[in-house]
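See below for the structure under consideration.
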Amino acid sequence: MVKVHMTSMLTRWPIVAAGTIALLSLSGCPSCAPQTVGEGVARLTVRNVGAMVSLVSANADCGFASTAVAGAPVIDGAVGSEGTVTWTVTDCAIDLGEESTISEDCTGGTVTGSGKVTLSATKTVAGILTGDDENPVVPGGPDAATISITAATFEDFRVVNSKSDNVLTMVSGSITAIAKPRLAVAESTGACAVATPNVTFSSVAYGASTLYVDTPDNKFEADVTVSDISAQNGKKDEENSISGTMTVFGSSVDVTGDGALDPDYDAAEFAAAYACADDLATPESFECVDLTPRLADGAARLSIKLLGTVASLLDADTSCGFSSAAVQGAATLTGTPGGTGSITFASTACTLTFPANTMLDSDCEGTQTIVQGSVTVTGTKVVAGRVTGSAENPIVPIVDQPATITVSIVADDFMVGSTANDNALLARSGTLAGVVKPQVYVGADTGVCSVSTPNAGFEDVDWSNGDLLLTSASGSFALAADASALTAANGNSSSGVNALDGTITIDGTAYDVPGDAAGLDPEFDQDAFDDSWQCNADLADPLSHACAVALGGQLGAGAASLTMRTLGTVTSLVNADTSCGFSSPAVGGTPTFAGGDVGDDDVTATFSLAGAGCTITLPADTVVSTDCAGTETAVGGTVVVRGTKTVTGFRTGDPLEPIVPTSFKPATFTLNLGITELSVVSSASTSSMVVHTGELDGVVQPRVGLDSTTGACSISTPNSTFSAVNWTQAQVTMTSDSGVFDVAIADSNLAAQNGTDGTNTNTLSGDITAEGVPLTGLALPLDPDFDQTAFDAAYACTPNLMVVPDTACSFRQVLGNAAARLLVKAAGVSTSVVDGDTSCGFADATPTTAPVITGAPGTVGNVLLTADANCAVTLPPDFTLSTDCNGTQTKAGGGFVASNGTKSINGFLTGSSPPVFPVTRDAATLTMTGVTFTDFNLYDQLATSEIPAAVTVTGALDVVVEPIAGRSVANSAAASAATGGAVTDVYSNKTGVAGLSNLTMASGTLTIESEGKTFNVTVTNVDVDAFAGAFVDGGSNDVAGTLTVDGEPVTIAAGSPLVDPYDQAAFESTYSCNADLGGDLVPTN
5 MVKVHMTSML TRWPIVAAGT IALLSLSGCP SCAPQTVGEG VARLTVRNVG AMVSLVSANA
65 DCGFASTAVA GAPVIDGAVG SEGTVTWTVT DCAIDLGEES TISEDCTGGT VTGSGKVTLS
125 ATKTVAGILT GDDENPVVPG GPDAATISIT AATFEDFRVV NSKSDNVLTM VSGSITAIAK
185 PRLAVAESTG ACAVATPNVT FSSVAYGAST LYVDTPDNKF EADVTVSDIS AQNGKKDEEN
245 SISGTMTVFG SSVDVTGDGA LDPDYDAAEF AAAYACADDL ATPESFECVD LTPRLADGAA
305 RLSIKLLGTV ASLLDADTSC GFSSAAVQGA ATLTGTPGGT GSITFASTAC TLTFPANTML
365 DSDCEGTQTI VQGSVTVTGT KVVAGRVTGS AENPIVPIVD QPATITVSIV ADDFMVGSTA
425 NDNALLARSG TLAGVVKPQV YVGADTGVCS VSTPNAGFED VDWSNGDLLL TSASGSFALA
485 ADASALTAAN GNSSSGVNAL DGTITIDGTA YDVPGDAAGL DPEFDQDAFD DSWQCNADLA
545 DPLSHACAVA LGGQLGAGAA SLTMRTLGTV TSLVNADTSC GFSSPAVGGT PTFAGGDVGD
605 DDVTATFSLA GAGCTITLPA DTVVSTDCAG TETAVGGTVV VRGTKTVTGF RTGDPLEPIV
665 PTSFKPATFT LNLGITELSV VSSASTSSMV VHTGELDGVV QPRVGLDSTT GACSISTPNS
725 TFSAVNWTQA QVTMTSDSGV FDVAIADSNL AAQNGTDGTN TNTLSGDITA EGVPLTGLAL
785 PLDPDFDQTA FDAAYACTPN LMVVPDTACS FRQVLGNAAA RLLVKAAGVS TSVVDGDTSC
845 GFADATPTTA PVITGAPGTV GNVLLTADAN CAVTLPPDFT LSTDCNGTQT KAGGGFVASN
905 GTKSINGFLT GSSPPVFPVT RDAATLTMTG VTFTDFNLYD QLATSEIPAA VTVTGALDVV
965 VEPIAGRSVA NSAAASAATG GAVTDVYSNK TGVAGLSNLT MASGTLTIES EGKTFNVTVT
1025 NVDVDAFAGA FVDGGSNDVA GTLTVDGEPV TIAAGSPLVD PYDQAAFEST YSCNADLGGD
1085 LVPTN
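Sequence positions in the sequence shown follow this note's numbering and run 5 to 1089.
In structure tokens:
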């Protein structure tokens, strides 16, 4: 905009550099030469009048520079139009004292003065009225200013020019004059705004005055009564000229003389005297630039601001603008959800009215846009992008200028301005039409382009009959904007950087804008502009306007998350499928093994879906699972699954359950999915994905929980680890709260953790390329709404599931329980065999060690039997050791050696054979030391031929066995007869009830066979106590102790059942058929 420097005119430059006036060198009688005196006095008078002009212009007490005068101009005309401004000085008394400096020029010349002058004057400047208090008018040309001295009286007013020896003292009297200083072109604006000493004087008229002339050759007083002098100081139409008349010494004379104001005038020296003036254009020019082009620049720039401001206001308006319910409800959408399209909002004749100086929201630097008045706007907003199907956000942008706002604005005294500067545009009337394309950035909350910025493009900006008032720091200017054709870019966008181009027609003349080539904002600074809006907390960090990339990233992240749902669900389906999946006989019954033989741990079984794979086809919305929270998973479509399932653990030899897991992640599914129109939907989520076509590879490792009925970690949980999840050329449709999106997935390499695995919880990582946008280094929560408690609760109701520590999945607790019980059986059976052995055992009639009898015959005493050392027992395979009353056969094979064994019997000593009658049920104690088994196989075979469990033992044990015997009818009768009735009850029948204590084994190997499964284990540090059956003075079907199984300590808690389930009656039925018992049963609690 134009800035006019209306400094006090002629305060610096000497008006006349008068040289020696030779004609004044008269000696003796000046009054005798009135012509010569008049010519000289006239020239010196012009100098003094110039000094008066300078003094009254600069005086801050009562002159034009005073607050009272400067603040009270008389303005004739309308603001913004041509007119005049007049300042008036009245009776301004200026006392210079003995000497004061009036002015100094660029070459060092000075003008000084003394005495007193009292001035009344006016200063009138013609031009464009600005309405600005400081600069109310822009001069209309180089001769726009006129200073009229309407009255001046003087007292010894003396003016001295340092470049002249001639001095005029105005002793007394009065004078009037008119001075018109020329205004030169200002370097900064091109306007005529720099006052120069080129001054035209006219109507220089004395009243009756007394003057004193002082020259090097003469000094005299002169009386002047009237004058009418005109002069040109410097150059205008004339140069250094003077003319007119003066009455001096009573004679009227023509003062023109040779016509030169300054006889010593040199044009170059004159110009040099003011060449240093502030803002003076070089070379000097009085060809004032037409301000209209500059005003056109300002009008064009502010027209863009007006258009952008109104478009923004219309966009936000909820009464009749684009944000109103009526406009939103009538929007028209093109395109189908998932694809690309646009939505159009239309507002008709929406009137927006604002009170005076309405402040809009401030920017980051505190700057506010100011509006007032009314506009009536008709327009459309078309937003293009991906059609979502969401009513709230129907379009997601894929370019950074997705909206095209086309408006027609009818102005009614509407003003737009800013608190940052004085520039404003008042549209009194007229129509402004145009197109605005704001730039959007990625939002922090949305992850897509959703935050508008002041970066914007403007197109087809056209005024019709615009009656404008342009305001700047220089003032206000009325402009008639007949038409315009403008394009612009505010800030930095694909529309350009701070750009303005086109034409605007002012008062019938078309002007190319901008004429100064300074763009839309001449003071534009990119960093400062960015600082004005980038504090917006809604913006994502880092800043981005790559809308397609942002959307692709969001879609990629969403697809990555939903991919895990698809892969996990299909993994569950194919694992459970009994027709062609891993649960089918053809697949589940034919694994390949690696890493060991039957009974070994760390064996991996591989189940393969080879060839055509397994095709699973489900109708739409087929519910395939419901969790404990009631969440349903529904599937529809077709998937062809190929790949393998590997399970690591004990190789059991059971074709129905070939592996018993021994870890918390025993299974690994490595799958390839060929998908056609497959949807997986969770009722707990608003997000879902339909895979139209595509191939998906991945590895899934479900975390398992312990099955309380088997003790094996074999129940899958939703805690799953995904790795190497790779898409190949997939076409999917994703649905979420944000809408529906068709997405092309080129490839991926993803990993995820559903739920928790160790310290890894709810994670998603890796790379995916969606919609051509590579998303690398993904590190997000798999489920943004994940809650551990709710997640765990969703599977807590699974039957028989126990969530245990990872180490509890080794299956060693189960095997330790089994090993302890089977060792109890092996210890009991081997002791029983030695007890009945007639060759080296306790039944040997000729033992190596003779029985030791303590006590006298006929009394209660003790008999101690000792088995032969290293009593060896060898049995053929499946040798039947005994058969109980229910037909259950105890069978054994292999051998053992009992290093040492004793049998202690308390009872009535007979003194004959048998040497002792046991008179209590627990009379016998058998102590076995170093019973060393070598592939000793032991099992019970039920009458149904079923073998519940078997064990093959290698290793040495010690044990103390205390059998509980039943009453023998026959032996009781014999004892009674032999003792004369002293002994009536003899307890010698085996019942199977026994207490075993101090069962220890330092190290051994066991092969345990149960329910068709085989397990090889190593046991160490065995220390177990047990009670078989029940006895009132003993135990009741219990086992307790400790042992180490394959290096893992196992504790069997006190009170643990030896046989489970146990039934006392059933136990008693195993021996009650013995007739010699006479119906006697071991008493129980």
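The beta carbon of each residue, even a glycine, is placed where N, CA and C say it ideally should be.
One question on the structure: do residue i and residue j come within less than 8 Å of each other, judged by their Cβ atoms?
i, j, result
"residue 677", "residue 699", "yes"
"residue 301", "residue 517", "yes"
"residue 920", "residue 875", "no"
"residue 466", "residue 488", "yes"
"residue 523", "residue 504", "yes"
"residue 151", "residue 125", "yes"
"residue 115", "residue 107", "yes"
"residue 177", "residue 144", "no"
"residue 962", "residue 1022", "no"
"residue 275", "residue 288", "yes"
"residue 120", "residue 155", "no"
"residue 4", "residue 941", "There is simply no residue 4 to check, as the chain begins at 5 and stops at 1089 in what is shown."
Could you tell me which of the options sits nearest to residue i, measuring between CA atoms?
i, options, result
"residue 777", "402, 878, 255 and 925", "402"
"residue 507", "1030, 613, 304 and 540", "304"
"residue 171", "562, 989 and 51", "51"
"residue 201", "640, 247 and 273", "273"
"residue 743", "397, 41 and 642", "397"
"residue 312", "375, 277 and 339", "375"
"residue 862", "986, 577 and 924", "986"
"residue 3", "82, 339, 296 and 459", "Residue coverage of the chain in this structure runs from 5 to 1089, which leaves residue 3 outside it and unanswerable."
"residue 1094", "833, 931, 917 and 914", "With the chain running from 5 to 1089 in the structure shown, residue 1094 is simply not present."
"residue 845", "425, 873 and 544", "873"
"residue 217", "175, 199, 250 and 236", "175"
"residue 754", "735, 390, 784 and 745", "784"
"residue 761", "708, 73 and 203", "708"
Who are the Cβ neighbours of residue i in its own chain at under 6 Å, not counting the five residues just before and after it?
i, result
"residue 927", "909, 910 and 911"
"residue 653", "663, 664, 665, 666 and 670"
"residue 64", "70"
"residue 248", "232, 233, 234 and 259"
"residue 870", "853 and 906"
Within the same chain, show all residues whose beta-carbon is closer than 7 Å to that of residue i, passing over the 5 residues directly before and after it, in chain order.
i, result
"residue 255", "38"
"residue 958", "937, 938, 939, 1008 and 1009"
"residue 1099", "Because the chain spans 5 through 1089 in this model, residue 1099 falls outside it and cannot be assessed."
"residue 29", "Its pLDDT being 46, under 50, residue 29 is placed unreliably in this model, and the coordinates cannot settle the point."
"residue 623", "640"
"residue 1071", "1033"
"residue 27", "Confidence at residue 27 is low in this model, with a pLDDT of 40, below 50, so the placement of that residue is unreliable and no value is reported for it."
What do you reckon, is the C-beta of residue i under 7 Å from a heavy atom of the ligand HEM?
i, result
"residue 709", "What this structure holds is no ligand at all, so the ligand HEM is not there to describe."
Excluding sequence positions up to five away, which residues of its chain have a Cβ less than 8 Å from the Cβ of residue i?
i, result
"residue 31", "Summary for residue 31: the model assigns pLDDT 48, below 50, so the residue's position carries little reliability, and this model does not support an answer."
"residue 153", "53, 56, 57, 60, 123, 124, 125, 179, 180, 181, 182 and 183"
Cβ of residue i less than 8 Å from any chain C Cβ?
i, result
"residue 801", "In the displayed structure, chain C is absent; only one protein chain is listed."
To test your reading of the DSSP string, which unbroken beta strand (DSSP E) runs of 3 or more residues are found completely within the region 81–146? 86–108, 114–133 and 141–143
Three or more C-beta pairs under 8 Å: does that hold for the region 477–491 against the region 450–467? yes
Take every Cβ of the region 942–950, pair it with every Cβ of the region 886–903, and state whether three or more of those distances are shorter than 8 Å. yes
Unbroken beta strand (DSSP E) runs of length 3 or more, entirely within the region 1016–1061: which are they? 1017–1034, 1040–1049 and 1052–1061
Could you tell me whether the region 629–637 touches the region 596–608, using the rule of 3 or more Cβ pairs below 8 Å? no
Please determine if the region 377–391 and the region 314–323 are in contact, where contact requires at least 3 C-beta pairs separated by less than 8 Å. yes
If you scan the region 174–210 from start to end, which runs of the beta strand (DSSP E) of 3 or more residues do you find wholly inside it? 196–210
The region 435–446 in contact with the region 405–417 per 3-pair CB rule at 8 Å: yes
Between the region 707–716 and the region 683–694, can you find at least three pairs of beta-carbon atoms closer than 8 Å? no
Those runs of the beta strand (DSSP E) which lie wholly inside the region 920–963 and span at least 3 residues: 928–945
Please confirm if the region 769–789 is in contact with the region 550–562, defined as three or more CB-CB distances below 8 Å between the two stretches. yes
Flag this pair as touching only if the region 563–578 and the region 699–708 have three or more C-beta atom pairs under 8 Å; answer yes or no. yes
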